[in-house]
Structures are given as C-alpha cells and as structure tokens.
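Student: Residue numbers (UniProt numbering): 46 to 653.
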Amino acid sequence: YACDVIRNFSIIAHIDHGKSTLADRLLELTGTINKKEVGRNMQVLDKLKVERERGITVKAQTASMIHQYADRNYLLNLIDTPGHVDFSWEVSRSLAACQGALLLVDASQGVQAQSISVFHIAKERGLTIIPVLNKIDLPAAQPELIASQMESTFGINPADIISISAKTGKGVEAVLQAVIERIPPPPQSGPKDPVKAFLFDSLYDRYRGVISLVNIQSGMLQKGDRIASCHTRKKYEITDIGIMHPEEVPTSSLHPGQVGYIACNMKVSSEAHIGDTLHRVGEPVEPMPGFKPSKAMVFAGIFPIDSSDFPKLEESIKRLTLTDRSVTVQRESSSALGQGCRLGFLGTLHMDVFRQRLEDEYDANIIITAPTVPYKLIYRDGKEVFISNPTEFPDVLGVGSKVAEVQEPVVKASIIVPEEYFGEMMDLCHSHRAEELDHRYLDTGSDSSSSRIILNCVLPLSEVVTDFFDQLKGRSSGFASFDYEDAGYQKSDLSKMVFLLNGKPVDALAIIVHKSAQDKVGRAWVKKLHTVIPRQLFELPIQAVIGKKVIARETLSAIRKDVTAGLYGGHYERKMKHLENQKEGKKRMKRIGTVDLPQEAFFDILKK
Ligand code: GDP
Ligand code: MG
C-alpha cells in the first residue's frame, strides 16, 4: 500500500458515547470481522474481561481495515485509545500515530468533560477532526441542540457533522467516506529512507512475549531486521511482523505510513516504552518528540489475607505486570499485615482493574491498603525525595525537622454539569480543597432549561483518588462528567496520622492528611476501628495521633474469655461450631503489641 491510500485515525470520545460500538461497525462494514463474530453487546476490540464487564476500554486495541472506495482499495488503520482519564496520557501518545480523529458525541448526552479534553489533545497535535453525532436512534437524542453545542464549544461547522447510530449502523458508511476524503494520508517517505518507527502501544502474548504496535514514519521493516530503541538503546531482532486485522496477521514487511505489530524478543512490557522511536541498528535517527515515561500516581500496598500465600501472590503480581507495563512493584513488609507488595498505578481505575484481574485470573485473596499519591519532601539541604508510602513520611514536621517543605501533586480538573447541580458541585469542590475555581456556561444562547456549566479548578490529586468521583456522580444524579490533567506539585500542610491500639501503632493504617481534615478523618477512622475490632480481654484504647498529639480516641470495653458462655442452652453442635470458628480465626490473628486482630478486621477497615 502506497502512502496515498493509507489513512491513520482514532476515535475519540467521552466514556460511553459509543467508541467501541462504532469500531465494531467499521470492522464489520469493511469485512474485517463478520457480523456473527461480533455477537450481541460484545465488542471485539475490548478484550479484557474486566473491560467488557465495566464497559470501558482500558487497553487500547488497534485494527487495520481494507475498504474499497471510488475504485481504489484503501488501508484504514484505526488506532483505538483507552477510554478513561487514568490513561489520558496514553491517549495523547497514540494520537501521535494519526493524521485524523473521529470526535464522537452522544446525541442524547451532549459534550462531556472528556469530549473537551480529547478534542484539545487532538487539536494540539494538528489532527483533522471529523465530528460525529452518535445515538441518533435514541428517542432522547437532540441532534440540533448538540450540534450547536459542538459549534459553540469546538468551533465546528454544523455542516461537517455526520449523524449516525453506531448501534443500528445508520450513517456509518458516510463515516468511512469522510475518513478517506477528509483525513490526509501519512507523510510520504521512500523505502530506502532510514527506518523510523514510532512505538505507540504494546500487547503481551504468553508465547511470544511483548508485541509492540508501531507506526512506520519512514523506511521499511522486515522480519529479521535488527532494530534498536532510541530510549533504552537496547537492540532487538524482529521475529514476527504484520498488521492487526483485527488479530495479528503476518506480512512480509511494513512500509512507510503503515501501522502494524512487531515481535522482537522483548521479555517484559516495561521494555516497550510508549512514545519510543525504533531505528535500524547502526542507523540512528532523531527520536519523535515528547517522550516521557508513564508515571505511577497512585500507590497502595497489597497483602495476602493468609500470610502463607505471599509467594503465590508475588508470582501472580509478577505475571500480571508482564502484561501491564505501567504498574510498578516493590516489596513491602508490614508488622500488621506481614509480607506484601507496594504497587504504583496510573490512577484508581487502573488500581481497581489490576485488583480485579488478580482476583479473577489468579484467584488471589488480598487486602489492599488505602491509596496514596506520591508526596515530595524538600529537605533543608535542598534534597528532594518522593515518597509513596505513608510509613516513610516524617512523624513530625516543623522547626526541628530536616524537612523544610512538603508538596503534593495537584491536577487541573474540569467538571461539566447541568446548571441545577452547580451548587452541589461547588460544595463538592470546596470540601475537596479546590482552588482557582472558575466557571462558565457551555451552551451559549440555547434555551435555559438545558444549560450546562463547565467548572474548572485545581485539586490535590489525593482528594481525587479517594471518593471524589463517587461523590461527583452521586451528588449530580450521574449527570456530571469529570476530567483532569497533571498540574505539577504544590506546597501543602500535611501530616502523618497514625492509629494506635493500646498505645502501639498499626503501620498499615498510617495515612497522610491535610490540616483542614485532621479532626474529621481522625474521628471517622477511630469510630470505624471501634466498630470493626473485636473486643479483647482488656479495655482497649484506640487513638488517632499526629506526632505526639492525640486527635481522636475511642475505648473498646473488655469481654470475657469463654466464647460459649453467651450461648443459651448449650446446644452441642452450635457450641462446637463456635469453637471451631474461633480456632480458624486464630490462624489469621495478627498481634499488634498486646492486641490480637483477625485479618478480616483489616479487610473491613480497609474496604470502602
Ligand atoms: P465507549 O465507552 O465509547 O466505548 O462506548 P460503547 O461503544 O461501549 O457504548 C456505550 C453504550 O452505548 C453501549 O451500551 C452501547 O450499546 C450503546 N450505544 C452505542 N452506540 C449507540 C447508538 O448508536 N445507539 C444506541 N441506542 N446505543 C448505542
Ligand atoms: Mg469502549
């Protein structure tokens, strides 16, 4: 395929606006898959079980299609992007492999927070944008209103908008035509030019290891070619090459402008750096701009419920990280929870997905600690240290401390919400330490009954990773949409809160809290501990402390030793069962100082 018949494009949209459904229709219409394969409600491109269950695309999936138009065969490369804010940086990278994007907007929902953020990413990259209005089959669709919204928000000419139903297939043919007619082909380059391949995604295959998805910027790649990474300088030999159609189909070579896969004996996914440039060994090239490694922003400890399961858990985590390059792993040991691992994730959804995969695919029984963001400690001697575990945080800050300043990561957030929920959203932002709040109306001039507001602010990431999203949805009856981007670090008044049982700290429960939330958080946790911890043989004080200062306290009263004493009538079987339960419980008891705690209590404490 010569460059002029190639089109590289993406579908960009807010979650649920129909990206996966449209991708299926395009694959079907071009005969890449047949209708029977698709089945009802099963999106071909969403492969992971968790993705299908949650209806979101976590892992980008790419496919090439061949389509005849005006007597010519075109090679259309659909570069799918992951559909969640945790992965917005990956969206931005994969768009670098495209010349155009379909901006999909749900005709019943209208422009949402991620519609705007992905639009800007695509615009900054200079992509041709094809506006598409989806779900016009829905009775609640308001195509004219949403079209004018797209005009006022994006400066899109309503005449350019294609109206479709990805569900029924109506209008989808016109989308393919627009891809061919409106999106420019990739830049020309000769097969003799130096090889420059842009790595925009990777997959993991149990047998062949890492498979990299590349876009050939110039030159030509073949099986057996020796290539090197601009970023790591590591050298590889191509063992398999081809296109995604939609599964891997081997070809003899990949030409300029093409999108395809290469297998080259990379062992772990983290070797395939998204945004990296590959070149022929001995023929270095200028790397593609804007490379940066993906950065874990949410950390949590993962421990087995039964300590003897640790080797198995660690092995499962190792295997899962082979397939997920963006998870970081370190060993961690806790006096309360035993041996475990501290993992870093791109965001909380990423963390949930990983946890669910551990449970589904590896049958793991785990406790996961409260998520933490990476904090920055600036020492008096100028040294900067990032910490991702509350236990590493200094007990006391201030005059005597070597730490001069603590900083936390902040994000630029935007929320789009119908006007009637504006007050609720302002409250929500204020209670999550929002700064630099500003807002404006999204639909200018349209009828006031459907006016929506876009609210922008700067939020600490730690506020976002706890309950922000759930509250946002809850307090707006599901109408608010939310998106955020990295906005660096900011000085903050933070301390480490530790929980003491009978005067002894429980390391796994330490958290970092902001001054303004100390009392509330301390009281809430102590209350929770009080309800979850079983009574002991002695009176048990439960305290939340910062440094030496007690923030909150509860006292758990003592219980008598004989557990069967309370059982009326002494029914034998019931008595035995009770004793057995107690024995079973003993195995999983953790001793904190003088206090025996069942692992289940931790589970109850740490689950939301
Ligand atoms: P994604 O999150 O953007 O990938 O969205 P999906 O493709 O998973 O679609 C989200 C939901 O909208 C699914 O339940 C689809 O069946 C539904 N959907 C997608 N396109 C249409 C459409 O044109 N009409 C209707 N009525 N529903 C659609
Ligand atoms: Mg999807």
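We put the CB at the ideal spot given by N, CA and C, even for glycine. Just so we're clear, the structure is a prediction, and the values are computed from it rather than from any experiment.
Could you give the distance in angstroms between the alpha-carbon of A273 and the alpha-carbon of N310?
Tutor: 12 Å
Student: Relative to the C-alpha of E282, which residue among A341, V398, H324 and E429 is closest?
Tutor: H324
Student: Please confirm whether any heavy atom of the ligand GDP lies closer than 8 Å to the CB of I209.
Tutor: yes
Student: Is it true that the region 153 to 173 meets the region 183 to 202, where meeting means three or more beta-carbon pairs spaced less than 8 Å apart?
Tutor: yes
Student: Under the rule that 16 or more other beta-carbon atoms within 10 Å means buried, what is G443, buried or exposed?
Tutor: exposed
Student: Tell me, please, which residues DSSP counts as bridged to G320.
Tutor: Answer by DSSP bridge pairing: none, since G320 is not bridged.
Student: Just checking S65 against the ligand MN - is the residue's beta carbon closer than 8 Å to any of the ligand's heavy atoms?
Tutor: The ligand MN is absent from the structure shown, which contains only the ligand GDP and the ligand MG.
Student: Could you check whether the Cβ of A108 sits closer than 8 Å to any heavy atom belonging to the ligand GDP?
Tutor: no
Student: Can I181 be considered in contact with the ligand GDP, in the sense that its beta carbon sits closer than 8 Å to one or more heavy atoms?
Tutor: It does: the Cβ of I181 is within 8 Å (strictly closer) of some heavy atom of the ligand GDP.
Student: Rounding to the nearest angstrom, what Cα-Cα distance links G320 and F245 in this structure?
Tutor: 6 Å
Student: What do you reckon, is the C-beta of T373 under 8 Å from a heavy atom of the ligand GDP?
Tutor: no
Student: Check whether the Cβ of T414 sits closer than 8 Å to any heavy atom of the ligand GDP, and report yes or no.
Tutor: no
Student: Check whether the Cβ of D61 sits closer than 8 Å to any heavy atom of the ligand GDP, and report yes or no.
Tutor: yes
Student: For the ligand GDP, is there any heavy atom lying closer than 8 Å to the beta carbon of V212?
Tutor: For the record, residue 212 in the displayed sequence is Lys; it is not Val. Yes, the beta carbon of K212 sits closer than 8 Å to at least one heavy atom of the ligand GDP.
Student: Closer than 6 Å by C-beta to D238: which residues in its own chain qualify, once you throw out the five before and the five after it? Chain order, please.
Tutor: S263 and G264
Student: Mind pulling the alpha helix (DSSP H) runs of 4 or more residues that sit fully within the region 267 to 334?
Tutor: none
Student: Candidates T417, F438, K594 and A553: which alpha carbon is nearest D512's?
Tutor: Of the listed residues, the one whose Cα sits closest to D512 is T417.
Student: First and last residue of the beta strand (DSSP E) that includes Y424?
Tutor: Y420 to Y424
Student: Compute the minimum distance between the beta carbon of A58 and the heavy atoms of the ligand GDP, and state whether it is under 8 Å.
Tutor: Distances from the CB of A58 to the heavy atoms of the ligand GDP include at least one below 8 Å.
Student: For S314 and V255, which I take to be in contact (beta-carbon distance under 8 Å), what is that distance rounded to the nearest angstrom?
Tutor: Right, the Cβ-Cβ distance comes to about 6 Å (below 8 Å), so this counts as a contact.
Student: Within 10 angstroms of the Cβ of G519, are there 16 or more other Cβ atoms? Answer buried if so, exposed if not.
Tutor: exposed
Student: Once the 5 residues before and after G630 are set aside, which same chain residues still bring their CB inside 7 Å of it?
Tutor: Residue placement at G630 is poorly supported in this model, since its pLDDT is 49, which falls under 50; the coordinates are not used for a value here.
Student: Just to confirm my understanding: we take D49, look at its own chain, exclude 5 residues before and 5 after, and list those with CB closer than 7 Å. What are they?
Tutor: Leaving aside the five residues that flank D49 on each side, the residues in its chain whose CB is nearer than 7 Å to its CB run, in chain order, P230.
Student: Where does H62 fall in DSSP's three states?
Tutor: coil
Student: Between the beta-carbon of residue 8 and the beta-carbon of E293, is there less than 9 Å?
Tutor: In the structure as shown, the chain begins at 46 and stops at 653. Residue 8 is therefore absent and cannot be evaluated.
Student: Could you tell me the alpha carbon to alpha carbon distance between L248 and I591, rounded to whole angstroms?
Tutor: 45 Å
Student: Tell me the DSSP secondary structure of V177 in three-state form.
Tutor: strand
Student: State yes or no: is the C-beta of L149 nearer than 8 Å to some heavy atom of the ligand GDP?
Tutor: Within the cutoff, so yes.
Student: If you draw a straight line from the alpha carbon of H300 to that of R253, how long is it in whole angstroms?
Tutor: In this model, H300 and R253 are separated by some 23 Å (Cα to Cα).
Student: In the DSSP assignment, the alpha helix (DSSP H) including E437 goes from what residue to what residue?
Tutor: Unbroken run through E437: none, as it is neither H nor E.
Student: Could you pull out every unbroken beta strand (DSSP E) segment of at least 3 residues lying fully inside the region 351 to 392, listed in chain order?
Tutor: 373 to 379 and 383 to 390
Student: What residue from I413, N53, Y529 and Q452 has the CA that sits closest to I225's CA?
Tutor: N53
Student: What's the C-alpha gap between R85 and K565?
Tutor: The predicted model places R85 with a pLDDT of 45, which falls under 50 and marks its position as unreliable; any figure quoted below should be read in that light. For R85 and K565, the distance between alpha carbons rounds to 48 Å.
Student: Decide if F544 is buried, meaning its Cβ has at least 16 other Cβ atoms within 10 Å, or exposed.
Tutor: buried
Student: Taking the CB atoms as reference points, tell me whether Q588 and R580 lie closer together than 9 Å.
Tutor: no
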